[in-house]
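The structure under discussion appears below in the form of structure tokens.
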Amino acid sequence: MKIATFNINNINHRLPNLLRWLRAANPDVVALQELKAIDGEFPAAAIEKAGYGAVWRGQKTWNGVAILARNAEPVLTRDRLPGNADDIEARYIEAAVRGIIVTSIYLPNGNPQPGPKFDYKLDWFARLKRHAKTFLKQDLPVVLAGDYNVAPTALDIYPTKSWDKDALIQPKSRAAFKSLVAQGWCDALRALHPEKRIYTFWDYKRNRWPRDAGLRLDHLLLSPALAPRLTKAGVDKTIRGEDGASDHAPVWVVLR
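The sequence shown begins at 23 in the numbering used here and counts up by one.
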């Protein structure tokens, strides 16, 4: 079973890229982030024609999340992160697919920091951690997939000081991610590639893609019930080099 996460960065603008990748990679489940489309603008017909059922929660501007399932209909289990009834941002969705619960997470960026946006990021992380713990208590097979907007360690960002003040690599951001993983989650890419520099995001600015000046922001965390099934994990890096590409590349795992 192949499960992927992909920050598509505007699903309608990048739809040709997405469809080409779906045909080439043939994932069973895909978590999408940054749809940048309201519910009625989601390209459901094109996704269905490609062989995928879908659940989604849309929103204008930077948000919107979805889960696709090949030759199946995802069963929606939650379309928002619990813990704050006033939070209306479309940043979380979860669904059951073939006996596994898969999330699509678009964690807040947090810039500029310090400030209210960074506080929101840390609060969102705390809510995610509380919700994630409920999965572990029930020993459920879960993949926490998505764009976490955190490069967890120095190995997850190209050698530079230009991001030192950015929310993506702040000690508090990294500590929040580390604390989540420490609950018992398996960071799939790191589990199989512990010492390798792997990036999933290359900013459009400053020639960062040609220079391979990237960050690892997109993660798939596996619950203890799933971690023993992990056989492969990787990044479809070449997708980032296509015309009209998202600034992220798809990240995937294979479970036996």
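For every residue, glycine included, the Cβ atom is placed at its ideal position computed from N, Cα and C.
Segment limits, alpha helix (DSSP H) that includes residue i
{"i": "ARG196", "result": "193-203"}
{"i": "THR340", "result": "The question about residue 340 has no answer, for the chain in this structure spans 23 to 278."}
{"i": "ASN39", "result": "37-47"}
{"i": "LYS71", "result": "66-71"}
Cβ-heavy atom distance, residue i to the ligand COA, below 6 angstroms
{"i": "LYS183", "result": "Although the ligand COA was asked about, the structure shown includes no ligands whatsoever."}
With 16 other Cβ atoms within 10 Å as the buried cut-off, status of residue i
{"i": "PRO181", "result": "exposed"}
{"i": "ALA107", "result": "exposed"}
{"i": "SER126", "result": "buried"}
{"i": "ARG36", "result": "buried"}
{"i": "GLU70", "result": "exposed"}
{"i": "THR83", "result": "exposed"}
{"i": "GLU95", "result": "exposed"}
{"i": "THR260", "result": "exposed"}
{"i": "SER201", "result": "exposed"}
{"i": "ILE60", "result": "exposed"}
{"i": "SER245", "result": "buried"}
{"i": "GLN160", "result": "exposed"}
{"i": "THR156", "result": "exposed"}
{"i": "GLY236", "result": "buried"}
{"i": "PRO136", "result": "exposed"}
{"i": "ARG230", "result": "buried"}
{"i": "ALA91", "result": "buried"}
{"i": "GLY168", "result": "buried"}
{"i": "GLU217", "result": "exposed"}
{"i": "ALA198", "result": "buried"}
{"i": "ASP141", "result": "exposed"}
{"i": "TRP228", "result": "In the sequence as displayed, the identity of residue 228 is Arg instead of Trp. Flag for ARG228 reads exposed."}
{"i": "TRP67", "result": "The residue you asked about is not Trp; residue 67 is Ala in the sequence shown. Classification for ALA67: exposed."}
Residue range of the beta strand (DSSP E) that includes residue i
{"i": "GLU116", "result": "114-119"}
{"i": "HIS100", "result": "Correcting the residue type first, residue 100 is Arg in the shown sequence and not His. That run of the beta strand (DSSP E) goes 97-100."}
{"i": "LEU166", "result": "164-169"}
{"i": "GLN81", "result": "Premise fails: GLN81 is in no beta strand (DSSP E) and is neither H nor E."}
{"i": "ALA53", "result": "51-55"}
{"i": "TRP274", "result": "273-277"}
{"i": "ASN131", "result": "From DSSP, ASN131 is part of no beta strand (DSSP E); its letter is neither H nor E."}
{"i": "ILE110", "result": "That residue, ILE110, is in no beta strand (DSSP E); it is neither H nor E in DSSP."}
{"i": "ALA26", "result": "24-29"}
Beta-carbon contacts of residue i that lie in its chain and below 7 angstroms, excluding the five residues immediately before and after
{"i": "ASN133", "result": "LYS139, ASP188 and ALA189"}
{"i": "TYR226", "result": "ASP269"}
{"i": "VAL97", "result": "ALA117 and ALA118"}
{"i": "LEU166", "result": "THR125, ILE127, ALA154, TRP207 and LEU243"}
Spatial neighbours of residue i in its chain, beta-carbon cut-off 8 angstroms, leaving aside the 5 residues before and after
{"i": "THR175", "result": "ARG196"}
{"i": "LEU162", "result": "ILE123, SER245 and ALA247"}
{"i": "ALA47", "result": "LYS24, ALA26, ASP258, PRO272 and TRP274"}
{"i": "ASP145", "result": "ASN106"}
Own chain residues within Cβ distance below 6 angstroms of residue i, not counting five before or after
{"i": "ALA72", "result": "LEU41 and LEU44"}
{"i": "GLU111", "result": "ASN85"}
{"i": "TRP185", "result": "ILE191"}
{"i": "ASP109", "result": "none"}
7 angstroms Cβ cutoff, residue i in contact with chain B
{"i": "LEU129", "result": "No chain B is present in this structure, which holds just one protein chain."}
> What are the start and end residues of each continuous alpha helix (DSSP H) run of 4 or more residues lying completely inside the segment 187-271, in chain order?
Replying inline: Correct list: 193-203 and 210-214.
> Does the segment 246-261 come close enough to the segment 271-278 that 3 or more CB-CB pairs lie under 8 angstroms?
Replying inline: In the pairwise beta carbon analysis, the segment 271-278 is classified as touching the segment 246-261: at least three pairs are separated by under 8 angstroms.
>> Below 8 angstroms, how does it come out for the segment 146-154 and the segment 209-219: are there three or more Cβ pairs, yes or no?
In response: Taking 8 angstroms as the limit for Cβ pairs, the verdict is that the segment 209-219 does not touch the segment 146-154.
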